[in-house]
Amino acid sequence: MFEKLTELISSGEYKEALFEFQEEFFHIDERTPSEAARLCVLTATLWEQLEDSVAEFDTIAQGLVYDPKNYELFYMLGFLYMNLNADQAYLCFKMALMYCDDDGDRQVIQDSIESLKATRAMRVRGTSVMILSYNDLDIMKECIKSVEESLPKDSFEIVVVDNASTQEGVVEYLRAKKEEADYPFKLIINSDNLGFSAGCNIGAAACDPDNDIFFLNNDAVLMPGSLFYLKMALYENRNVGAVSALSNSASIQEIPAESFGQKDGDGGLKWHKALGFEKALEVFRNYATTKVVPARNPYIRTFRLTGFALLVSRAALLAVSEEGKVFDEFFSPAYFEDDDLSMRIARAGFEQYVCKNSLIYHNGGGGFMGDNSLMDKGREKFKEKWGFDVWAYSLPWLEAADKAIEIAKEKKGHIRIADFTCGFGVTGSYIKDQVPTAFVAGICRTSFEAGIARNLVDDVAHGEMNTIRLPWEGHSFDVVLADTSVVSRGRIAECLNEGGISITQEDFE
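Under my numbering, the first residue of the sequence shown carries the number -8, and numbering increases by one thereafter.
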């Protein structure tokens, strides 16, 4: 198969190989998935020889859509990262080794791994998957199975804390799983439901102290590759403290029902609840097939992550844990403990990402879900502890952001934006997710806001909006976002260049 293309690449006849590749590629969708992935391996090799790293990356990503377990593609991806990010290269090589069934190639991959481990640059830790269990036996079986299939067995452990499940068979299943597991599996069974914070803290204390911790609800199911891409995000740079995934049910990380070809039902009934677990999981898996692959600009910077599937670095855990406890039990039994943890991670200076190429199904509804009184109490507890309502900072100013994005695209991404509504930076982050080349400067009211926003936008200043001496050259911004009840027209004009555009609340009244 593809003998001519292989021969042309091997003999260094790259121009002829390009013509042959184009002919083969035209019919790629007529091939089986494994054949299509093999063609992508050859094509990526061709791009490597032609020193086109962008085309090589794109081809690897396409190949992993056809075959998410192709070890050659993971190995090539690792080599792309070798001199860019040793940690990410190591993670790719480990996945290649996990999927490789050729003894000769396994040795080559292992040698590459050992070479990386011998350098001081590599710092990847193992992962403790800490699952808080409460009922949902059938979903939990899928949850644990999905973890087992996600990473090499020498790179993770599972720690389960059962929060006094009442469903028949849950504890028996967990005990049997502990006995049969061929990897470290720790089980703690609580006699009472201690709530989310206390349950997770018990589990965190039982985790390997050298590992990062992946806090995972037992009603969540990983898609193939999702945990790998979360780890790639966590090791994007040394400042990343926590990452999480997109999901069908995860507050601000939620994929709209329409993306799945579904509609939420009357009375707030979520589409996945209406379909039932098995059918909803099938729909979610079909959607994820083309999404959980290598991607450019795959991260959304945030200050707030949902706790249903939260990967936290050991460095961040050490920085924010109080008396050895990761979650503040002030928020027991449930709600807003994840917002509180995210705020502490942000205050410690760590970056946090939503990983767009990691998708995790979340069923929701177990534990304390659906108790609105607990939600309200948790929100009030957050206000009491931090002095503000986190919901007031969580959503971007969509109308203004979308208008700025439209302008940015007209300018082909070369745009400077001053945001006087910055807050914690979510509007700027939203804009930069859509237009990565945009420069967004946030003007915050307080140093507290600026301390959070600096990890979401490009630059920040803080002070009284109309009198602060801005650190940027005057008349240097293409767009200014502002609330004219707070910011004067004169201040806006000082920032705008000739032909610049102001976007204010008055535009949408």
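Built from N, CA and C at the ideal position, the CB exists for glycine as well.
DSSP three-state assignment for residue i, whether helix, strand or coil
i	result
Glu47	helix
Cys198	coil
Thr428	coil
Asn184	coil
Cys191	helix
Ala211	strand
Ala473	strand
Arg292	strand
Leu178	strand
Ala167	helix
Ser252	The sequence as given places Gly at residue 252; Ser does not occur at that position. Coil at Gly252, not helix or strand.
Ser235	strand
Asn61	coil
Asp173	coil
Val283	coil
Val150	strand
Enclosing beta strand (DSSP E) for residue i [first to last residue]
i	result
Ser242	Segment: none, Ser242 is in no beta strand (DSSP E) and carries neither H nor E.
Val508	The shown model of the chain, from -8 to 500, leaves out residue 508, and the question about it has no answer.
Thr110	Segment: none, Thr110 is in no beta strand (DSSP E) and carries neither H nor E.
Met501	The displayed coordinates of the chain run from -8 to 500. Any statement about residue 501 would go beyond what the structure contains.
Ile459	No beta strand (DSSP E) contains Ile459, which DSSP labels as neither H nor E.
Leu487	Leu487 to Thr495
His466	No beta strand (DSSP E) contains His466, which DSSP labels as neither H nor E.
Exposure label - residue i; buried when at least 16 CB within 10 Å
i	result
Ser44	exposed
Asn354	buried
Asn126	buried
Thr50	buried
Gly490	exposed
Pro462	exposed
Leu(-1)	buried
Ala167	exposed
Distance between beta carbons of residue j and residue i, contact taken as under 8 angstroms
i	j	result
Leu260	Ile246	The pair is not a contact, with the Cβ atoms about 17 angstroms apart (cut-off 8 angstroms).
Cys346	Pro289	6 angstroms
Lys376	Asp410	Incorrect: roughly 27 angstroms between the Cβ atoms, too far for contact.
Ala195	Ile204	6 angstroms
Tyr90	Phe70	Not confirmed; about 16 angstroms, so no contact.
Leu185	Asn154	6 angstroms
Asn239	Val284	About 19 angstroms; that fails the 8 angstroms criterion.
Leu365	Tyr421	In fact, because the Cβ distance is near 29 angstroms, the residues do not count as touching under 8 angstroms.
Ile408	Phe439	That belief does not hold up - the Cβ atoms of Ile408 and Phe439 are roughly 22 angstroms apart, past 8 angstroms.
Gly232	Phe341	3 angstroms
Min CB distance residue i to chain B below 8 angstroms
i	result
Gly259	Protein chain content of the structure displayed is limited to a single chain, and chain B is not contained in it.
Extent of the continuous alpha helix (DSSP H) to which residue i belongs
i	result
Ala27	Pro24 to Gln40
Leu142	Taken as a continuous stretch (DSSP letters only), Leu142 belongs to no alpha helix (DSSP H), as it is neither H nor E.
His263	Trp262 to Leu266
Ala8	Tyr5 to Phe16
Ala452	Looking at the DSSP string, Ala452 is not in any alpha helix (DSSP H); the run it does join, the beta strand (DSSP E), is Asp450 to His453.
Gly(-5)	It is Lys, not Gly, that sits at residue -5 in the sequence shown. Segment Glu(-6) to Ser1, the alpha helix (DSSP H) holding Lys(-5).
Glu440	Ser438 to Ala444
Leu221	Ser217 to Leu225
Alpha helix (DSSP H) runs contained entirely in the stretch 71 to 99, provided each spans 4 or more residues: Counting only unbroken stretches of 4 or more residues, the alpha helix (DSSP H) elements lying wholly within the stretch 71 to 99 are 77 to 90, in sequence order.
Run through the stretch 295 to 339 for me and flag every whole alpha helix (DSSP H) of 4 or more residues, listed as ranges in chain order. Listed in chain order, they are 305 to 311 and 328 to 338.
Jot down the residue ranges of each uninterrupted beta strand (DSSP E) in the stretch 361 to 435, minimum 3 residues, whole runs only, in chain order. Contiguous beta strand (DSSP E) elements confined to the stretch 361 to 435 occur at 407 to 410 and 430 to 435, taking only those with 3 or more residues.
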